[in-house]
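Trainee: Got a structure here, written out as structure tokens. Questions coming.
2 protein chains.
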Amino acid sequence: MKRSVFFISDRTGITAEALGEALITQFDDFERTEITIPFIDTPEKAFKAVAQINQASKNDGIRAIVFDTIVTPDLRKIFKGANAMMLDFFHTFIGPLEQELGKESSFTVGKTHSLNNVKAYDHRIEAVNFTLNNDDGATTQNYKDADLILIGVSRCGKTPTSLYISMQFGLKVANYPFIAQDMDNLKLPKDLALHKDKLFGLTIFPERLHDIRTERRANSRYASQQQCQLEVRAVEALYRREKIHFLNTTTRSIEEISAKILVKCKLSRHTSPL
Amino acid sequence: MKRSVFFISDRTGITAEALGEALITQFDDFERTEITIPFIDTPEKAFKAVAQINQASKNDGIRAIVFDTIVTPDLRKIFKGANAMMLDFFHTFIGPLEQELGKESSFTVGKTHSLNNVKAYDHRIEAVNFTLNNDDGATTQNYKDADLILIGVSRCGKTPTSLYISMQFGLKVANYPFIAQDMDNLKLPKDLALHKDKLFGLTIFPERLHDIRTERRANSRYASQQQCQLEVRAVEALYRREKIHFLNTTTRSIEEISAKILVKCKLSRHTSPL
């Protein structure tokens with residue numbers, strides 16, 4: 001029996017999904033169909049969503065589970081008509097917070113993922129652009145403006161991590177690859193040595209690197225077990241010799257790698273609002 | 275009086291921040307210092323965090339507010355020693371869910387932002403790589419593999435939006451710019467016309483475009499009010515003529531733009547788990 005799980009929001013639904021997923025994945029073997037309905041910001045849309053939930057509950061033969069972050073009280077009331085277990089991520093906490101702060105909340109929809117502060121937003125876009133322009137060692141001349149420089153062998157996760165950090169945390173992240181030709185006598189290039197306090201190393205298990213590179217260029221020297229082993233060994237030795245913080249990306253998600261780097265580099269996460 | 279607000283997690287802290295921010299921004303003029311402490315996954319770290327919270331409460335002269343997503347019950351208990359208002363995003367809901375589902379949760383930390391499913395993770399990385407390789411009209415030959423193709427004038431938000439959608443939702447997003455030379459007799463290029471069902475247009479207010487382009491290339495024709503107006507007008511006319519869905523990015527966050535595009539294009543958000 002598959003059960004329907006809804007994520008409902010008057011905005012993007014991203015927060016409802018994230019916390020809902022964190023909760024639901026605690027239950028093993030829970031067979032489910034997941035449906036996200038974002039931008040429920042009028043009574044019409046709310047009634048339509050309730051109808052969709054009720055239809056799902058009927059089809060499944062068991063009431064749906066609904067995670068929601070609906071802010072507006074009037075819209076919330078409409079969901080009382082849903083034949084579902086409602087888990088209300090927003091109002092559960094807003095009451096206690098009002099009491100603690102001794103004032104009423106403004107019930108303004110979507111202060112989080114909307115654009116309240118053009119300056120902070122520009123800062124974030126600027127960070128993403130910086131990261132794109134300084135990807136893969138494209139240039140080393142902007143390192144003075146970087147908040148962070150990720151280093152590592154080709155295909156160890158530098159680019160996605162750089163992009164995530166700039167997008168989520170508003171930091172300017174450059175990245176620089178060590179390539180096969182560097183390996184014989186691996187040293188920190190001068191442009192990197194000048195900014196050693198901004199460096200963070202990524203590494204990866206050679207077997208996993210071999211798999212990833214094989215997808216890209218099968219049967220090449222680049223993808224060979226031997227070359228992957230050699231590069232990873234050389235680069236990790238460099239990190240240790242130069243006392244550069246580093247992290248193995250193999251079993252970690254981009255979010256996890258990013259958050260760990262920020263901790264190790266003592267970088268603030270709040271340069272840009274979410 | 276500034277009050278300390280903590281976001282505490284045994285994983286990345288990203289979800290605690292998102293929901294905490296959504297709640298806290300409902301209170302206007304709430305002067306606060308925000309501190310995120312992620313990866314609280316041992317009793318030692320938990321005790322250290324409690325000490326930091328208590329010190330902040332003491333310094334502020336008022337107890338701190340703590341938003342947390344700590345999963346492990348033993349670690350949660352340690353936070354009972356905190357002189358703070360604790361808002362517990364996880365355990366508040368896990369009890370009711372256990373009852374509803376008729377089984378116990380596994381209390382496994384961090385199933386959300388950790389790497390459980392290598393295949394789904396690879397899919398997401400592949401999507402990001404596709405997006406990077408098909409940015410800014412770099413090539414049009416891969417459009418058959420794209421889930422979505424964003425179109426619009428230079429600097430209207432195509433690249434950050436493409437990257438966010440691929441990273442968050444695991445979709446392959448190409449983007450294609452219309453440039454000044456196209457404007458005289460603007461038509462849909464053949465490569466785009468072939469994939470009309472995948473197209474989504476972005477637009478922007480000409481004044482805002484002028485500001486953004488001025489930052490980039492001041493006093494150029496490219497940044498002039500007149501040119502910005504001309505391009506936006508021509509592109510919006512094209513969208514209407516060709517019946518292409520489009521959205522004005524000017525007052526919207528990347529998350530909001532991305533989520534709206536997925537709704538309009540009826541694209542699934544769950545091709546990759548969060």
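As they're listed, the protein sequences go chains C and Z. First residue of the first sequence? That's 1 in our numbering, and the numbers climb one at a time after it. First residue of the second sequence? That's 275 in our numbering, and the numbers climb one at a time after it. Ideal placement from N, C-alpha and C gives every residue a C-beta, glycine not left out. Source: prediction; values computed, not measured.
Roughly how many angstroms lie between the CA atoms of T251(C) and R491(Z), to the nearest whole one?
Mentor: On the first sequence, residue 251(C) is found 251 positions in, with the first residue counted as 1. On the second sequence, residue 491(Z) is found 217 positions in, with the first residue counted as 1. Cα-Cα distance, rounded: 43 Å.
Trainee: Name the DSSP beta bridge partners of A338(Z), please?
Mentor: Position 64 of the second sequence, counted from the first residue, corresponds to residue 338(Z). Note: A338(Z) sits in a beta bridge opposite A358(Z).
Trainee: By the criterion of Cβ-Cβ separation under 8 Å, what are the contact partners of L422(Z) in chain C?
Mentor: The residue you call residue 422(Z) lines up with position 148 of the second sequence. In chain order: nothing, as chain C lies at least about 16 Å away.
Trainee: Considering only residues of the same chain and omitting the five flanking positions on each side of D191(C), which have a CB-CB separation below 7 Å?
Mentor: Start at 1 with the first residue of the first sequence, and residue 191(C) comes out as number 191. Cβ within range, chain order: T140, Y143.
Trainee: Considering only C-alpha positions, which residue in the set L163(C), P177(C), P189(C) is nearest to A138(C)?
Mentor: Along the first sequence, one-based indexing puts residue 138(C) at 138. Checking every option, the nearest Cα to that of A138(C) belongs to P177(C).
Trainee: Quick check: the Cα distance between I528(Z) and L101(C), rounded to an integer number of angstroms?
Mentor: The residue labelled residue 528(Z) in the question sits at position 254 within the second sequence. The residue labelled residue 101(C) in the question sits at position 101 within the first sequence. Spanning the two alpha carbons is a distance of roughly 31 Å.
Trainee: In chain order, what residues of the same chain have a beta carbon less than 8 Å from the beta carbon of N278(C), not counting five sequence neighbours either side?
Mentor: What is shown of chain C runs 1 to 274, which leaves residue 278(C) out entirely.
Trainee: Express the C-alpha separation of E231(C) and L186(C) in angstroms, rounding to a whole number.
Mentor: Here the question's residue 186(C) lines up with position 186 in the first sequence. Here the question's residue 231(C) lines up with position 231 in the first sequence. Approximately 10 Å, taken between the alpha carbons.
Trainee: Please confirm whether G13(C) has its beta-carbon closer than 8 Å to some beta-carbon of chain Z.
Mentor: Taking the first sequence and counting its residues from 1, the one referred to as residue 13(C) is at position 13. Yes, G13(C) lies at the interface with chain Z (some Cβ there is under 8 Å from its Cβ).
Trainee: So, with DSSP's three-state summary, where would you put I257(C)?
Mentor: Against the first sequence, residue 257(C) aligns to sequence position 257. Correct three-state label for I257(C): helix.
Trainee: Helix, strand or coil for S278(Z) per DSSP?
Mentor: Counted from its first residue, the second sequence places residue 278(Z) at position 4. S278(Z): strand per DSSP, three-state reduction.
Trainee: Could you round the C-beta distance between T161(C) and I257(C) to whole angstroms and report it? I think they count as a contact, below 8 Å.
Mentor: Translated into the one-based positions of the first sequence, residue 161(C) becomes position 161. Translated into the one-based positions of the first sequence, residue 257(C) becomes position 257. Yes, they are in contact, since the Cβ atoms of T161(C) and I257(C) sit about 5 Å apart, within 8 Å.
Trainee: Would you kindly report the start and end of the unbroken alpha helix (DSSP H) that includes E558(Z)?
Mentor: This structure does not reach residue 558(Z), given that chain Z is present from 275 up to 548, and the question cannot be answered.
Trainee: Are any of the Cβ atoms in chain A nearer than 8 Å to that of I261(C)?
Mentor: In the displayed structure, chain A is absent; the protein chains listed are C and Z.
Trainee: Decide if H484(Z) is buried, meaning its Cβ has at least 16 other Cβ atoms within 10 Å, or exposed.
Mentor: Taking the first residue of the second sequence as position 1, residue 484(Z) is located at position 210. Buried, since its Cβ has 16 or more Cβ neighbours within 10 Å.
Trainee: At which residues does the alpha helix (DSSP H) containing I212(C) begin and terminate?
Mentor: The residue labelled residue 212(C) in the question sits at position 212 within the first sequence. Residues 206 to 216.
Trainee: Alpha carbon to alpha carbon, how far is D303(Z) from G20(C)? Give it in angstroms, no decimals.
Mentor: Counted from its first residue, the first sequence places residue 20(C) at position 20. Counted from its first residue, the second sequence places residue 303(Z) at position 29. C-alpha separation (whole angstroms): 30 Å.
Trainee: Quick one: residues in its chain with C-beta nearer than 6 Å to the C-beta of N522(Z), no 5 flanking neighbours on either side, listed in chain order?
Mentor: Here the question's residue 522(Z) lines up with position 248 in the second sequence. Correct list, in chain order: T477.
Trainee: Below 7 Å on C-beta distance, what does R543(Z) contact in chain C?
Mentor: The count along the second sequence starts at 1 and reaches residue 543(Z) at position 269. By Cβ distance, chain C contributes T36.
Trainee: So with CB distances below 8 Å, who are the chain C contacts of I339(Z)?
Mentor: As a first step, residue 339(Z) is located in the second sequence; it is residue number 65 there, counting from the start. Residues of chain C passing the Cβ test: L97, E100.
Trainee: Using only alpha-carbon positions, find the residue among D136(C), R11(C), I244(C) that is nearest to A174(C).
Mentor: As a first step, residue 174(C) is located in the first sequence; it is residue number 174 there, counting from the start. Out of D136(C), R11(C), I244(C), D136(C) has the C-alpha closest to the C-alpha of A174(C).
Trainee: Closest Cβ-Cβ distance between S546(Z) and chain C: below 8 Å?
Mentor: Translated into the one-based positions of the second sequence, residue 546(Z) becomes position 272. Here the model assigns S546(Z) a pLDDT of 38, short of 50, so the residue's position is not dependable and the matter cannot be decided.
Trainee: For I288(Z), does the three-state DSSP call read helix, strand or coil?
Mentor: On the second sequence, residue 288(Z) is found 14 positions in, with the first residue counted as 1. It is helical.
Trainee: Applying the 10 Å Cβ sphere with the 16-neighbour rule, what's the burial state of M1(C)?
Mentor: What you label residue 1(C) is simply residue 1 of the first sequence in a count that begins at 1. Under this definition M1(C) is an exposed residue.
Trainee: Is there a Cβ from chain C that is less than 8 Å from the Cβ of V402(Z)?
Mentor: Locating residue 402(Z) in the second sequence gives position 128, counting from the first residue. True, the Cβ-Cβ gap to chain C drops below 8 Å.
Trainee: May I ask which residues mark the beginning and end of the alpha helix (DSSP H) holding R32(C)?
Mentor: Here residue 32(C) corresponds to residue number 32 of the first sequence, with the count starting at 1. Taken as a continuous stretch (DSSP letters only), R32(C) belongs to no alpha helix (DSSP H), being part of the beta strand (DSSP E) at 32 to 37.
Trainee: Which bits of chain Z does D28(C) rub up against, with CB to CB less than 8 Å?
Mentor: In the first sequence, the residue the question calls residue 28(C) occupies position 28. In chain order: S380.
Trainee: Determine whether the Cβ of M275(Z) lies closer than 8 Å to any Cβ atom of chain C.
Mentor: Stepping through the second sequence from its first residue, residue 275(Z) is reached at position 1. So, not an interface residue.
Trainee: Starting from the beta carbon of T214(C), find every residue of chain Z whose beta carbon is closer than 7 Å, and list them in chain order.
Mentor: Within the first sequence, the letter at position 214 stands for residue 214(C). Chain Z residues near T214(C): none, gap ~12 Å exceeds 7 Å.
Trainee: Grouping DSSP H, G and I as helix and E and B as strand, with all else coil, what is K264(C)?
Mentor: Sequence index remark: in the first sequence, residue 264(C) carries index 264 (1-based). Three-state result, K264(C): helix.
Trainee: Determine the direct distance from the alpha carbon of C156(C) to that of M183(C), and round the result to whole angstroms.
Mentor: Position 183 of the first sequence, counted from the start, is the residue given in the question as residue 183(C). Position 156 of the first sequence, counted from the start, is the residue given in the question as residue 156(C). Taking the straight line from one Cα to the other gives about 16 Å.
Trainee: Are the C-beta atoms of P434(Z) and some chain C residue less than 8 Å apart?
Mentor: As a position in the second sequence, residue 434(Z) is number 160, starting the count at 1. Yes - at least one Cβ of chain C is within 8 Å of the one on P434(Z).
Trainee: Indicate whether the contact test is met: 3 or more Cβ pairs, each with one atom in the stretch 59 to 71 of chain C and one in the stretch 325 to 340 of chain Z, closer than 8 Å.
Mentor: Segments in contact, no.
Trainee: Who pairs with F200(C) in a beta bridge, going by DSSP?
Mentor: Your numbering for residue 200(C) matches position 200 in the first sequence. BP columns for F200(C) point to L150(C).
Trainee: Taking only the alpha-carbon atoms, compute the straight-line gap between D197(C) and I212(C) and give it to the nearest angstrom.
Mentor: Translated into positions along the first sequence, residue 197(C) becomes position 197. Translated into positions along the first sequence, residue 212(C) becomes position 212. In a straight line, the C-alpha of D197(C) is about 30 Å away from that of I212(C).
Trainee: Buried or exposed: P275(C), going by 16 or more other Cβ atoms within 10 Å of its Cβ?
Mentor: Because residue 275(C) is not part of the residues shown, which for chain C are 1 to 274, the question remains open.
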